[in-house]
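**Student:** Numbering (the working numbering), first residue to last: -12 to 426. Idealized CB from N, CA, C, for every residue including glycine.
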Ligand code: SF4
Ligand code: SF4
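In structure tokens, the structure reads:
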């Protein structure tokens, strides 16, 4: 007991030297437990585990980590470096021995490359690889070279003895922006690359030759949510196991539910109350952003719960339709979340329900109705099962709308179309009269 108290005092002193209060540290641990999908009541356990690794009996057994930067905007590193406060991030970074990171390491050049080589040799089977950015296979692998080596060769080499690979951000998962059509540099995600290499007989997982590729944890979004990344590291390094993963190797606790299902604007969706134009009255009233192309109904992520920027807000809450940045899919060749979801802020081009992708271009006009029916049916299903219980009551607004059709907001598409047609006919008539007058 005395040892534990001493440890707590020592840890508090360490926090103090970094300008972090105990309360702030516990808030951070609460955020990690929520990201892990655990009850916030378990935050003290996470705090204990961190203390144990930083100054307790596990001290000095830091897991070696190699952070590889491939074709990217460095947004994921930026995002991770901003987690909570830099001081708390520093504490967490003391859980790992970050032996190689092009953007975070103080070292550079030959000494940094040597650190990577030594880690691969001396900690074979023990090190974790975090990969940010897309791998470029184009021009025989010369589209991306690091330290005069082709990135494709580096990935093969570093993956052969990795304990696990964390793909941080959507680019590392399915190629991301770099892989968007026409993709001249041959951008791809890490998992599809390693699977293809294995099938072609160019890759062996040395740690366990009975499996094709190392364990992969895909943590999409653009950039990766720092709280997701820290939660995965806490899970792998402290709890000592891989998180539960779905068929896309994404942690189910973070990517198991549709954004739409937890969205605070969901009541408006069910009522058919949509924002059709930025700057409109509907936007001011916080209506649903589906008509502006929100991809929440087809994207799985816990953004409404974990949020961003120290849990202050997230895309839809800030008024921006979800662009589906977490929908990166490593299992389909040529699949890319950017191609699937662009143009952003427009009604869905391809509506993905489960494994089915509906493409209006091929299914022509009928799809709009089908998609709307499917989504609205889903919405009413949610209401019928009580999963939206406790949401806002919009009955009074709907009654007011019914009494004042000329002033009603969230006008139904059919009514809008009829109004537009009337206006167009009136304008045409006026033009004809003007032309007649001119003659
Ligand atoms: S469509 Fe988007 S804004 Fe509307 S309820 Fe769903 S997630 Fe929220
Ligand atoms: S709300 Fe959508 S676009 Fe925004 S971070 Fe989440 S998945 Fe990405």
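Quick check on this structure: which residue in 201, 134 and 11 has the alpha carbon closest to the alpha carbon of residue 297?
**Tutor:** The residue given as residue 297 occupies position 310 in the chain shown. It is 11.
**Student:** Using the rule of at least 16 other Cβ atoms within 10 Å of the residue's Cβ for burial, across every protein chain shown, is residue 173 buried or exposed?
**Tutor:** Taking the first residue of the chain shown as 1, we reach residue 173 at position 186. When all chains shown are included, residue 173 counts as buried.
**Student:** Helix or strand or just coil, what does DSSP make of residue 128?
**Tutor:** Against the chain shown, residue 128 aligns to sequence position 141. If DSSP states are grouped into helix, strand and coil, residue 128 belongs with the helices.
**Student:** Look at the alpha carbon of residue 229 and the alpha carbon of residue 127, and state the distance between them as a whole number of angstroms.
**Tutor:** Against the chain shown, residue 229 aligns to sequence position 242. Against the chain shown, residue 127 aligns to sequence position 140. Rounded to whole angstroms, residue 229 to residue 127 spans 34 Å at the Cα level.
**Student:** Quick check: what's the CA-CA separation for residue 2 versus residue 20?
**Tutor:** Working through the chain shown from its first residue, we reach residue 2 at position 15. Working through the chain shown from its first residue, we reach residue 20 at position 33. Each residue's Cα considered, the two are about 20 Å apart.
**Student:** Can you tell me which of the three DSSP states residue 245 falls into?
**Tutor:** Translated into the one-based positions of the chain shown, residue 245 becomes position 258. The answer is strand: DSSP assigns residue 245 an E or B state.
**Student:** Using a Cβ distance threshold of 8 Å, determine whether the region 250 to 265 contacts the region 93 to 105, with at least three qualifying pairs required.
**Tutor:** Output reads no: the region 93 to 105 does not touch the region 250 to 265.
**Student:** For residue 223, count neighbouring Cβ atoms within 10 angstroms of its own Cβ and tell me buried if that reaches 16, exposed if not.
**Tutor:** By 1-based counting over the chain shown, the position of residue 223 is 236. The residue in question, residue 223, is buried, as its Cβ has 16 or more Cβ neighbours within 10 Å.
**Student:** Given this structure, state the Cα-to-Cα distance separating residue 135 from residue 256, to the nearest angstrom.
**Tutor:** Looking up residue 135 in the chain shown gives position 148. Looking up residue 256 in the chain shown gives position 269. Cα to Cα, the separation comes out at about 53 Å.
**Student:** Could you give the uninterrupted runs of the alpha helix (DSSP H) lying entirely in the region 261 to 301, keeping only those of 4 residues or more?
**Tutor:** The region 261 to 301 contains these whole alpha helix (DSSP H) runs: 268 to 271 and 290 to 293.
**Student:** In chain order, what residues of the same chain lie with their CB nearer than 7 Å to the CB of residue 216, ignoring the 5 residues before and after it?
**Tutor:** Working through the chain shown from its first residue, we reach residue 216 at position 229. 67, 155 and 206, listed in sequence order.
**Student:** Grab the span of the beta strand (DSSP E) containing residue 327 for me, first residue to last.
**Tutor:** Stepping through the chain shown from its first residue, residue 327 is reached at position 340. It is not in any beta strand (DSSP E) - residue 327 instead sits in the alpha helix (DSSP H) that spans 324 to 328.
**Student:** Are the region 297 to 316 and the region 234 to 250 touching by the rule of at least three beta carbon pairs closer than 8 Å?
**Tutor:** Result yes; three or more Cβ-Cβ pairs closer than 8 Å.
**Student:** Leaving out the 5 sequence neighbours to the left and right, which residues in its chain are closer than 6 Å to residue 326 when beta-carbon positions are compared?
**Tutor:** As a position in the chain shown, residue 326 is number 339, starting the count at 1. Once the five neighbours on either side are set aside, the close Cβ partners of residue 326 are 167 and 168.
**Student:** Which residues in the same chain have their Cβ closer than 6 Å to the Cβ of residue 160, if we skip the five residues on either side of it in sequence?
**Tutor:** Numbered from its first residue, the chain shown carries residue 160 at position 173. Around residue 160: 154, 176, 205, 207, 315 and 317.
**Student:** Have a look at 306, 241, 282 and 294 and flag the residue whose alpha-carbon is nearest the alpha-carbon of residue 269.
**Tutor:** Within the chain shown, numbered from 1, the residue matching residue 269 stands at position 282. The shortest Cα separation from residue 269 among 306, 241, 282 and 294 belongs to 306.
**Student:** With distances taken from each beta carbon to the nearest heavy atom of ligand 1, which residues come in below 7 Å, in chain order?
**Tutor:** For ligand 1, the selected residues are 246, 247, 250, 252, 253, 255, 256, 275, 276, 277, 281, 283, 284, 303, 308 and 309.
**Student:** Assuming residue 309 contacts residue 286 (C-beta within less than 8 Å), just tell me the rounded distance between them.
**Tutor:** Position 322 of the chain shown, counting from 1, holds the residue named residue 309. Position 299 of the chain shown, counting from 1, holds the residue named residue 286. Going by Cβ atoms, the distance from residue 309 to residue 286 rounds to 6 Å, so yes, they are a contact pair.
**Student:** Residues in its own chain within less than 7 Å of residue 129 by CB, not counting five upstream and five downstream?
**Tutor:** Taking the first residue of the chain shown as 1, we reach residue 129 at position 142. So the list reads 137, once near-sequence residues are dropped.
**Student:** So, for residue 283: in the same chain, excluding its five sequence neighbours on each side, which residues have a beta-carbon less than 6 Å away from its beta-carbon?
**Tutor:** Within the chain shown, the letter at position 296 stands for residue 283. 246, 247, 250 and 309.
**Student:** Which residues in the same chain have their Cβ closer than 6 Å to the Cβ of residue 203, if we skip the five residues on either side of it in sequence?
**Tutor:** In the chain shown, the residue the question calls residue 203 occupies position 216. Counting only Cβ-Cβ distances below 6 Å, and skipping sequence neighbours, we find 152, 178 and 236.
**Student:** Thinking just about the alpha-carbon of each residue, which of 264, 240 and 281 is nearest to the one in residue 292?
**Tutor:** Taking the first residue of the chain shown as 1, we reach residue 292 at position 305. The shortest C-alpha separation from residue 292 is found at 240.
**Student:** Does the CB of residue 63 have a neighbour CB from chain B at under 8 Å?
**Tutor:** Although the question refers to chain B, the structure presented lacks it and comprises just one protein chain.
**Student:** Within 10 angstroms of the Cβ of residue 212, are there 16 or more other Cβ atoms? Answer buried if so, exposed if not.
**Tutor:** Reading the chain shown from its first residue, position 225 is the one you call residue 212. Buried.
**Student:** Can we count residue 305 as close to ligand 2, meaning its CB is less than 7 Å from some heavy atom?
**Tutor:** Along the chain shown, read from residue 1 onward, the residue named residue 305 stands at position 318. No, the beta carbon of residue 305 sits no closer than 7 Å to any heavy atom of ligand 2.
**Student:** Under a Cβ-count criterion, where at least 16 other Cβ atoms within 10 Å of its own Cβ denotes burial, should residue 0 be classed as buried or exposed?
**Tutor:** As a working note, residue 0 is residue 13 in the chain shown. It is exposed - the Cβ of residue 0 has fewer than 16 other Cβ atoms within 10 Å.
**Student:** Under DSSP, the beta strand (DSSP E) around residue 158 begins and ends at which residues?
**Tutor:** Along the chain shown, read from residue 1 onward, the residue named residue 158 stands at position 171. Segment 157 to 161 is the alpha helix (DSSP H) holding residue 158; no beta strand (DSSP E) there.
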